[in-house]
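Report on the following structure.
Number of protein chains: 2
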Amino acid sequence: MTDGNQRGILYGLGVGPGDPELLTVKALRVLERVPVVAYVASGGGPSLARSIVAGYLGGGQVEIALDVPIATDPGPARDAYGKSAAEIAGHLRDGRDVAVLCQGDPFFYGSFMYLFERLAGEHRVEVVPGVTSLTAAAALAGMPLASRQETLCVLPATLCEETLEARLAANDVAAVVKVGRHLSKVRRVLGRLGYAERARYVERAGMDGERVLALDDAGDGPAPYFSIVLVGVEAVER
Amino acid sequence: MTDGNQRGILYGLGVGPGDPELLTVKALRVLERVPVVAYVASGGGPSLARSIVAGYLGGGQVEIALDVPIATDPGPARDAYGKSAAEIAGHLRDGRDVAVLCQGDPFFYGSFMYLFERLAGEHRVEVVPGVTSLTAAAALAGMPLASRQETLCVLPATLCEETLEARLAANDVAAVVKVGRHLSKVRRVLGRLGYAERARYVERAGMDGERVLALDDAGDGPAPYFSIVLVGVEAVER
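One line per chain: the protein sequences are A and G, in this order. Oh and the first sequence: position 48 is 593 in the working numbering, straight run, nothing missing. Oh and the second sequence: position 148 is 693 in the working numbering, straight run, nothing missing.
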């Protein structure tokens with residue numbers, strides 16, 4: 546793995562929604578084997594992905610905290626991802642495998658894609674899929690996501706109200722992710738569409754403090770970033 | 546677990562897309578502990594879900610093969626699910642935990658919901674989310690599913706051509722599941738929408754023989770049931 550002129554492998558490691566037991570056997574095996582572990586820790590703050598796997602880290606690994614701004618301004622983020630990619634590339638060139646810890650799944654609303662884009666051309670990359678907060682939310686709420694002929698639409702609450710409404714109206718079942726401070730907007734839209742009855746608010750699925758509420762009971766203030774509103778089917782038919 | 550008047554727990558156990566290493570630690574722990582394991586095996590045929598976990602089964606468990614017709618005719622399926630639910634309920638009432646093995650995730654285009662619907666009222670049910678073939682396909686293809694403001698639409702290829710086209714046109718990124726014998730229809734629709742360039746055909750993601758092809762290279766015959774067409778974003782921006 547640190548063998549002469551052989552280059553390291555970059556792993557995009559899905560570590561699941563929060564419960565350390567929702568890691569896959571594969572992710573665990575990679576994690577215990579790689580010499581370098583990287584994760585996003587904006588502004589020197591804590592990393593949720595790292596906290597999920599904390600119990601599995603042996604202590605002998607190099608850790609890289611990637612300081613990437615959460616801000617929507619693309620300029621500084623671009624610079625930060627460039628810098629992070631360069632740091633990771635250094636280890637790969639020296640023959641060390643690097644695992645980037647990704648909450649949920651690396652390619653499902655994650656930031657790993659920005660590293661993947663910069664490194665996949667030159668380096669060998671392996672993406673290890675993970676359990677998403679979406680299926681964890683459905684499991685917790687006891688709400689099947691989709692079956693048979695149904696279309697499932699996953700959309701971020703950050704969309705403007707009109708787009709949100711049009712897309713929710715056009716699909717059978719939906720999951721609104723990244724609810725956070727957009728909760729009242731989501732509730733208004735679902736109310737207008739007559740979907741409120743079959744919607745559930747799921748907070749922190751797969752993490753400590755997870756809970757499921759009717760949409761009306763979710764309060765009026767902003768919700769945590771890790772909250773999802775599921776809009777289920779009317780009835781199971783079979 | 547088999548304790549006097551205490552009832553058993555029903556587990557909907559997501560076992561991931563196919564690679565036994567894509568089971569979660571939690572699913573593995575439940576699997577090694579339950580006295581009864583159930584799975585769909587239509588017409589006495591093999592069960593994919595069982596084959597995924599075969600290496601983890603100790604041999605001391607009761608196994609229930611649920612004979613549920615794949616046919617679209619709802620009558621016989623309803624009877625079969627009723628019979629299966631009754632058999633499972635018998636074990637639960639006798640205090641034995643039962644794990645129903647679900648390929649992928651139990652609530653993502655799975656048949657577990659039909660058992661859940663029949664048993665959740667009377668019995669304690671715990672759904673263990675799993676890695677879906679959707680994120681496994683994205684990982685294999687090296688194609689991020691969605692990020693930031695993007696809407697992800699998951700739709701079954703079994704939809705009629707007009708609906709398929711309208712829904713694909715209305716969303717940013719999409720995954721067409723259950724491609725099977727509908728491959729040429731999917732290809733026609735994507736061609737008309739001008740999406741063929743950014744589409745990839747992924748066959749048997751997370752299973753033996755998995756492969757990724759350009760849509761044009763996927764052949765003209767029917768595809769396996771476990772194939773997905775991913776329609777990616779135009780470009781990563783950040």
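Note that beta-carbon positions come from the ideal geometry of N, C-alpha and C, so glycine has one too.
Selected residue, minimal CA-CA separation from residue i, among the options
i, options, result
"A625/G", "D650/G, R638/G and S587/G", "S587/G"
"V747/G", "A768/G, Y740/G and S729/G", "A768/G"
"V579/A", "L568/A, G553/A and R638/A", "G553/A"
"L660/A", "V613/A, D639/A, A681/A and C705/A", "V613/A"
"C705/G", "K723/A, L558/A and Q694/A", "Q694/A"
"T784/G", "V607/G, G777/G, A610/G and P591/G", "Residue 784/G lies beyond the residue range present for chain G, which begins at 546 and ends at 783; the question has no answer from this structure."
"D564/A", "G589/G, G736/G and V570/G", "V570/G"
"L646/G", "S596/G, P689/G, L735/G and A691/G", "S596/G"
"L686/G", "E608/A, A683/A, A682/A and P674/A", "The residue asked about is misnamed: residue 686/G is Ala in this sequence, not Leu. The shortest C-alpha separation from A686/G is found at P674/A."
"V581/G", "L690/G, G589/G and L611/G", "L611/G"
"F652/A", "A684/G, D753/G, V585/G and E667/G", "A684/G"
"V757/A", "L775/A, G589/A, L555/A and A644/A", "L775/A"
"V784/A", "V585/A, S592/A, S678/A and L690/A", "One cannot answer for residue 784/A here, as it falls past the ends of chain A, which runs 546 to 783."
"M601/A", "E566/A, Y556/A, Y584/A and C698/A", "Sequence inspection shows Tyr at residue 601/A; the Met mentioned does not correspond to that position. Closest by alpha carbon: E566/A."
"Y654/G", "A744/G, K723/G, A631/G and I609/G", "K723/G"
Three-state secondary structure assigned by DSSP to residue i
i, result
"G590/G", "coil"
"I609/A", "strand"
"V747/G", "strand"
"F652/A", "coil"
"T680/A", "helix"
"G627/A", "helix"
"G600/A", "helix"
"L646/G", "strand"
"Y770/A", "coil"
"G557/A", "strand"
"E566/G", "helix"
"E755/A", "coil"
"V671/A", "The sequence shown places Glu at residue 671/A, not Val. Here E671/A sits in strand by DSSP."
"G764/A", "coil"
"A665/G", "coil"
"V575/G", "helix"
Residue environment, residue i, which counts as buried when at least 16 other CB atoms sit within 10 Å
i, result
"Q648/G", "buried"
"A750/A", "buried"
"M546/A", "The pLDDT assigned to M546/A is 47, lower than 50, so where the model puts this residue is not dependable; a value taken from the coordinates is nonetheless given after this. So M546/A counts as exposed."
"K788/G", "Lying before the first or after the last residue shown, residue 788/G is absent from chain G, which here runs from 546 to 783."
"E577/G", "exposed"
"E755/G", "buried"
"D642/A", "buried"
"R732/G", "buried"
"R574/A", "exposed"
"D761/G", "exposed"
"G764/A", "exposed"
"I633/G", "buried"
"T680/G", "buried"
"P701/G", "buried"
"T708/G", "exposed"
"A682/A", "buried"
"V607/G", "exposed"
"I773/A", "buried"
"R712/A", "buried"
"R737/G", "exposed"
"D650/A", "buried"
"G603/A", "exposed"
"G620/A", "exposed"
"R605/G", "The sequence given here has Gly at residue 605/G, not Arg. The residue is exposed, with fewer than 16 neighbouring Cβ atoms inside 10 Å."
"G766/G", "exposed"
"P562/A", "buried"
Contact test: residue i Cβ vs the ligand PLP heavy atom, cutoff 7 angstroms
i, result
"C698/G", "Annotation note on the ligand PLP: not contained in the displayed structure, which lists no ligands."
query = Taking Cβ-Cβ distances below 9 angstroms as the criterion, which residues of the stretch 655-671 of chain A are in contact with chain G?
reply = Answer set for the stretch 655-671 of chain A: G655, S656, F657, M658, Y659, F661, E662, A665, V670 and E671.
request  = Entirely within the stretch 682-745 of chain G and at least 4 residues each: give me those alpha helix (DSSP H) ranges in chain order.
outcome  = Taking only runs of at least 4 residues, the alpha helix (DSSP H) segments lying wholly in the stretch 682-745 of chain G are 706-714 and 728-738.
query = What are the residues of the stretch 756-779 of chain G that lie near chain A, defined by any Cβ-Cβ distance shorter than 7 angstroms?
reply = Result list empty, no residue passes.
message = Short of 8 angstroms Cβ to Cβ, which residues in the stretch 601-616 of chain G face chain A?
response = Going along the stretch 601-616 of chain G in chain order, one finds no residue with a Cβ nearer than 8 angstroms to chain A.
task = May I ask you to list, following chain order, the residues of the stretch 675-687 of chain A that have a beta carbon less than 7 angstroms from some beta carbon of chain G?
result = Within the stretch 675-687 of chain A, the qualifying residues are G675, V676, T677, T680, A681, A683, A684 and G687.
Where the stretch 566-591 of chain G meets chain A: residues whose CB sits under 8 angstroms from a CB there = Here the close residues are E566, L567, L568, T569, V570, K571, L573 and R574.
request  = Check each residue of the stretch 688-699 of chain A: if its Cβ is closer than 8 angstroms to any Cβ of chain G, include it; give the result in chain order.
outcome  = Result list: M688, P689, L690, A691, S692, R693, Q694, E695, T696, L697, C698 and V699.
task = Give, in chain order, every residue of the stretch 627-654 of chain A whose Cβ lies closer than 8 angstroms to some Cβ of chain G.
result = Residues D650, P651, F652, F653 and Y654.
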